[in-house]
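K.L.:
Can you keep this structure in mind? I'll have questions shortly.
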Amino acid sequence: MIRLMQADDIDGAMRLKSVASWNQTRLDWERLLRLEPRGCFVDEREGMVAGTTTALRHGTELAWIGMVLVLPAFRRKGIARGLVQHALAWLKECGNAVIGLDATAMGYSLYQQLRFRDEDLIERWERPPVRADVEVRPSATIKLSDSLLALDRTVCGYDRSALIRDLSTDPSVECVQRTSGFAFGRPGSSAWYVGPCVAGSESDAESLLIDLLTPHGSKRVFWDFLPSSAPARRLACRLGFRPARCLTRMLRNEGGGDLRDPKRSQIYAAAGFEFG
Ligand SMILES: CC(C)(COP(=O)(O)OP(=O)(O)OC[C@H]1O[C@@H](n2cnc3c(N)ncnc32)[C@H](O)[C@@H]1OP(=O)(O)O)[C@@H](O)C(=O)NCCC(=O)NCCS
0 MIRLMQADDI
10 DGAMRLKSVA
20 SWNQTRLDWE
30 RLLRLEPRGC
40 FVDEREGMVA
50 GTTTALRHGT
60 ELAWIGMVLV
70 LPAFRRKGIA
80 RGLVQHALAW
90 LKECGNAVIG
100 LDATAMGYSL
110 YQQLRFRDED
120 LIERWERPPV
130 RADVEVRPSA
140 TIKLSDSLLA
150 LDRTVCGYDR
160 SALIRDLSTD
170 PSVECVQRTS
180 GFAFGRPGSS
190 AWYVGPCVAG
200 SESDAESLLI
210 DLLTPHGSKR
220 VFWDFLPSSA
230 PARRLACRLG
240 FRPARCLTRM
250 LRNEGGGDLR
260 DPKRSQIYAA
270 AGFEFG
């Protein structure tokens, strides 16, 4: 039975995520529920959360499907297909015609069947611990300036301000900002996660990311970006990261909605496969 996810489902949802060895934490599920309480779904079977899917609207310009997970014992029974179709129907009711997602190899053919088309590749790069932490940075509430929110919108081509505002109020999230860009980072289950990061130039991004990463030298770190962005790739190499996995960024556009092309060279890190 497909129904809306509730806060009590997070234990079950974490189980699915752990079986798949994904990096999200409880805070990520809570963030998705807070941002889109009508867009997070579970399929309950035999009294347990057997499958999950989330749909996050970045306004009406773009919606993002994420957290498509099914417990191994329940796979190949149509649960993921049902959940994604349910999310797509809800998004249609909301007036969202353009929908994106980052597909793993396991999910790819389902999304093709549901009329998602390849848009780009997105890679996860990883850095092992490089040294001991040099400083403990106290968590603080961050206020990203309106001009940086406007920059993010111009660079991405859609409005992620609700997500960025939510990240900004989470005390576990860190942010470095300058007039030319910003970089966020947050804890993950298996690695600290860098992103989102948007910057006007490669040197601006480098200085933001060095400031963000330096206190976390003792941790394994994940960083997701579009390898079609040469500056992001160069910078990841220089900062000691190496490719770990590759997903396919896919888009479905049923209603002729118009999504502006992102300025790829200024997007240095994605917000997360589940956030867009
Ligand atoms: C991918 C996943 C969500 C599929 O869940 P599921 O409930 O088994 O999928 P469905 O039964 O709805 O399958 C729908 C179709 O997708 C395709 N599909 C599903 N699993 C597949 C796999 N492992 N390999 C290739 N194609 C697959 C098939 O075409 C399938 O239709 P069929 O069974 O009639 O052939 C599940 O395997 C999973 O949780 N994997 C780990 C996490 C992951 O990679 N999630 C996708 C994120 S983008």
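Position one of the sequence shown corresponds to residue 0 (numbering that gives the first Met the number 0), numbered consecutively onward.
Idealized CB from N, CA, C, for every residue including glycine.
Note that the structure is predicted; figures quoted are calculated from it, not measured.
#1: Could you tell me whether the segment 54-71 touches the segment 96-107, using the rule of 3 or more Cβ pairs below 8 Å?
#2: Tell me whether the beta-carbon of L246 lies closer than 7 Å to the beta-carbon of A54.
#3: From L15, R80, L211, pick the residue whose C-alpha is nearest to that of L113; which is it?
#4: Under three-state DSSP, which class holds L55?
#5: To the nearest angstrom, report how far apart D8 and G194 are at their CA atoms.
#6: Apart from the five residues on each side of it in sequence, which residues of its chain come closer than 6 Å, Cβ to Cβ, to P226?
#7: For the segment 184-236, which segments carrying the alpha helix (DSSP H) assignment without a break, of at least 4 residues, lie completely within its bounds, in sequence order?
#8: Beta carbon of M105: closer than 6 Å to some heavy atom of ligand 1?
#9: Kindly provide the ranges of any beta strand (DSSP E) runs that are 3 or more residues long and lie completely inside the segment 89-145, ordered along the chain.
#10: Assuming D223 and F183 are in contact, meaning their beta carbons sit under 8 Å apart, how far apart are those beta carbons, in whole angstroms?
#11: Compute every distance between the C-beta of S108 and the non-hydrogen atoms of ligand 1, then say whether any falls below 6 Å.
#12: Might you give, ordered along the chain, the residues of its own chain that have their beta carbon closer than 6 Å to the beta carbon of V69, omitting 5 neighbours on each side?
#13: Do V172 and I266 have their beta-carbon atoms positioned less than 7 Å apart in this structure?
#14: Given a cut-off of 7 Å on the beta-carbon distance, is the pair R259 and F115 in contact?
#15: Using CA atoms only, rank isn't needed, just tell me which of A86, G46, W89 is closest to F73.
#16: For R2, which residues of its own chain have a beta-carbon under 6 Å away from its beta-carbon, when the five flanking residues on both sides are left out?
#17: Can you tell me whether Q5 is helix, strand or coil according to DSSP?
#18: With DSSP collapsed to three states, give me the class of F40.
P.N.:
In short, the structure shows the following:
#1: yes
#2: no
#3: R80
#4: strand
#5: C-alpha of D8 to C-alpha of G194: approximately 26 Å in a straight line.
#6: Answer for P226: L120, E122, R232, listed in chain order.
#7: 201-212
#8: yes
#9: 97-102, 116-126
#10: In fact, because the Cβ distance is near 12 Å, the residues do not count as touching under 8 Å.
#11: yes
#12: G50, I78, A79
#13: no
#14: no
#15: G46
#16: none
#17: Coil at Q5, not helix or strand.
#18: Strand, per DSSP.
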